[in-house]
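Position 35 (the sequence shown) corresponds to 226 in my numbering; numbering is contiguous.
Ideal placement from N, C-alpha and C gives every residue a C-beta, glycine not left out.
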Amino acid sequence: MKLNTDHLQRCIRTLESSLTMLSQAAPDSIDYEVFLDDARSIEAVLREKFGDGAT
Numbered sequence: 192m193k194l195n196t197d198h199l200q201r202c203i204r205t206l207e208s209s210l211t212m213l214s215q216a217a218p219d220s221i222d223y224e225v226f227l228d229d230a231r232s233i234e235a236v237l238r239e240k241f242g243d244g245a246t
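If you want it as structure tokens, here you go:
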């Protein structure tokens with residue numbers, strides 16, 4: 192059985208992009224807040240879909 196990991200791979204690329212942009216934004220800028228929120232949202236989705244490893 193082959194698993195389709197396209198969505199997971201896209202989530203990973205999106206998170207990597209958000210983290211790159213976050214690291215380039217000034218900490219007191221709106222861009223920083225936007226990219227930080229993106230990273231948090233993606234993390235929450237991944238935890239919901241795949242668990243947080245605590246179980």
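Whole-angstrom distance between residue j and residue i, CA atom to CA atom
i, j, result
"residue 199", "residue 223", "24 Å"
"residue 241", "residue 213", "24 Å"
"residue 226", "residue 219", "12 Å"
"residue 216", "residue 237", "24 Å"
"residue 196", "residue 211", "23 Å"
"residue 230", "residue 192", "31 Å"
Neighbour-count burial assignment, residue i, 16 or more Cβ in a 10 Å radius
i, result
"residue 209", "buried"
Residue i - DSSP class collapsed to helix/strand/coil
i, result
"residue 235", "helix"
"residue 193", "coil"
"residue 220", "coil"
"residue 243", "coil"
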